[in-house]
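Residue numbers (the UniProt record's numbering), protein chains in the order written: chain H, 1 to 284; chain S, 1 to 284. For every residue, glycine included, the Cβ atom is placed at its ideal position computed from N, Cα and C. Please read all numbers here as calculations on a predicted model, not as lab measurements. The next block holds one structure in the form of structure tokens; read it before the comments.
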């Protein structure tokens, strides 16, 4: 039976590109996959947490904009999900329009993250254009008709899918722009060189130092730390941490047991690897 | 001469409410103030950094959605700005519409953060409504006309300013929703019980532990830690930290000097207090 993969849709989003990459990778292991687009990241994760799909592929971090906070908050909530693997997608933004040149463009539609990632280019080339947010880069294309005053920022892949001409590409300010996605399911994680976890701490001075010391003393390196509000009051946080370590190793298990003692609630989302998947040029 | 205050506009935004509160507080100290709305947080901060206005009032953290990353990223960039004080504004969202009841509403416009903060209420009361993002809660009101199928989420203050009826209020999922704003200028900060700083670290294992140990050993409590990407590559971060300490104190100065030695670049944005400003009911 085909593996069902939930992702933020519709066709043409970067989340769909990541889900497709993972589906291609599964096919190489002789597993068939079917893509299931959802209107939000939250709904993709909920579908996987409730077992309505086998897998969810969701963005967790962009190299320019930072953490995708919706994903972190949802993972704390749906804590039966485990990270199976990660994959990294290069992100490239293009200006799409029916206009012949960029000069007539007065209005540009795109997802707020894409608009932010092209801010410098827009200030230089289209300083007077009005920027209008949309729910996804694909949704932005719905605003394009034959009006040459309208532009949209989306991927080259979306341009080709929806047959819209590209006026300029790439237009992102940071050339090494990329997004890390997590592959999540209800299965136990299979282990790997990275472990992701989150914890809350008791509200006492230095409460965060002790857990970090435990990790440092076990020679476990942190590759990321992110704080998120508990949503109860200002100043009350959860901490999301990525470790360069495999939770299947006895020494790491000992450190995690110690971590349980010096945190309030600890949730380990699994150990996994970054999949070495080559990304075709047509995907970015 | 009146003190000029930059804020995210137009009239009716929460940033304008915070700027107005600060202007009222200045008037009590016999200083006149004039409000200068800007189309983005970035442009408000830039105006203050270039000396085009005296002060910028910008949101830095919401109790539900977390850090306002634009503000942190811009402050690292415009590092001549210093925090003069902080103020806390309770946030209350209302559903505005020309409809007589909520039933006919099919489309709701608002800022993505406001839509996110009312997610639970919307799922219960208007599960099929289409949610459309706008650049500000005030901009959402521009989409309201006499069409009873359209709604907007904004503040009660905006409803009264623009004379739009309130259909439901408050509709935010977390009743204690509030946002902390910073008051920034080119003046040296005047001291207070909180200090905000940011630093980059060398890419070596445990690089973050050492700075946190320095603070713990000096008995300085962290009230917040936030990581932000340097935007160069995935896994390369800046850390923004709030301390419960006054950088004018000799012991804190000694800890900061030690911090300089174990970080790559350290920027101290000043010591300040949260202003005890009462918020009128009409402001939320």
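Within chain H, no C-beta atom comes nearer than 8 Å to that of residue 281/S; the closest sits roughly 20 Å away. In the three-state reduction of the DSSP assignment, residue 184/S falls in the strand class, which pools E and B. Going by C-alpha positions, residue 98/S is about 26 Å away from residue 280/S.
Under the rule that a run must span 4 or more residues, the alpha helix (DSSP H) segments found entirely inside the stretch 74-142 of chain S read 112-117, 119-125 and 137-141.
Take residue 131/H, set aside five residues on each side of it, and the residues of its chain with a beta-carbon closer than 6 Å to its own are 108 and 115, in chain order. Closest by C-alpha distance to residue 59/H, out of 95/H, 100/H and 41/H, is 41/H. When 9 Å is used as the limit between beta carbons, residue 252/S is near no residue of chain H, the shortest such separation being about 14 Å. Going by C-alpha positions, residue 75/S is about 10 Å away from residue 184/S. A check of alpha carbon separations from residue 228/H across 69/H, 30/H and 27/H identifies 69/H as the nearest. Cβ contact annotation for residue 247/H (same chain, cutoff 7 Å, sequence separation greater than five): 195, 253, 256, 268 and 271, in chain order. In the structure shown, residue 150/S adopts extended strand secondary structure according to DSSP, grouped into three states. Neighbours of residue 176/H in chain S, taken as residues at a C-beta separation under 8 Å, are given in chain order as 232 and 233. Collapsing the DSSP output to three states places residue 24/H in a helix. Exposed is the label assigned to residue 261/S, since fewer than 16 other Cβ atoms lie within 10 Å of its Cβ.
For residue 61/S, the enclosing beta strand (DSSP E) begins and ends at 55-62. Sequence-ordered contacts of the stretch 258-272 of chain S with chain H are nonexistent [C-beta pairs closer than 8 Å]. Residue 41/S carries a helical assignment under DSSP once its states are collapsed to helix, strand and coil. In terms of beta-carbon proximity, residue 64/H lines the interface with chain S, with at least one pair separated by less than 9 Å. Within the stretch 80-114 of chain H, those residues whose Cβ lies closer than 8 Å to any Cβ of chain S are, in chain order, 88 and 112. Annotation: residue 256/S is outside any beta strand (DSSP E); the continuous alpha helix (DSSP H) that includes it extends over 250-261.
Contact note: residue 229/H reaches chain S through 63, 64 and 66, using a C-beta cutoff of 7 Å and chain order.
Looking only at 14/S, 63/S, 95/S and 37/S, the smallest Cα-Cα distance to residue 231/H is reached by 63/S. If you draw a straight line from the Cα of residue 233/H to the Cα of residue 120/S, it comes to about 18 Å.
DSSP, reduced to helix, strand and coil, places residue 236/H outside both helices and strands of the structure shown, so it counts as coil. Proximity of residue 226/H to chain S, defined by a Cβ-Cβ separation below 9 Å, is satisfied. Relative to residue 175/H, the option among 90/H, 160/H and 46/H whose CA is nearest is 90/H. Under a criterion of Cβ atoms nearer than 8 Å, the residues of chain S adjacent to residue 208/H are, in order, 212, 222 and 225. At the C-beta level, residue 19/H and residue 57/H come within 9 Å of one another. Membership of residue 3/S in the beta strand (DSSP E) is indicated by the continuous run 3-8. With a cutoff of 9 Å on beta-carbon distance, residue 150/S and residue 106/S are scored as near each other. Of the other Cβ atoms in all chains shown, 16 or more fall within 10 Å of the Cβ of residue 5/S; this residue is therefore buried. Minimum Cα-Cα distance from residue 169/H among the listed residues 245/H, 66/H and 282/H corresponds to 282/H. For residue 74/H, no CB of chain S lies under 9 Å from its own CB, so it is not counted at the interface with that chain. DSSP places residue 226/H inside the beta strand (DSSP E), whose first and last residues are 222-229. In this structure, residue 144/H sits near residue 164/H, with a CB-CB distance shorter than 9 Å.
Within the stretch 128-139 of chain S, the residues whose Cβ lies closer than 8 Å to some Cβ of chain H are 131, 132, 133, 134 and 135, listed in chain order.
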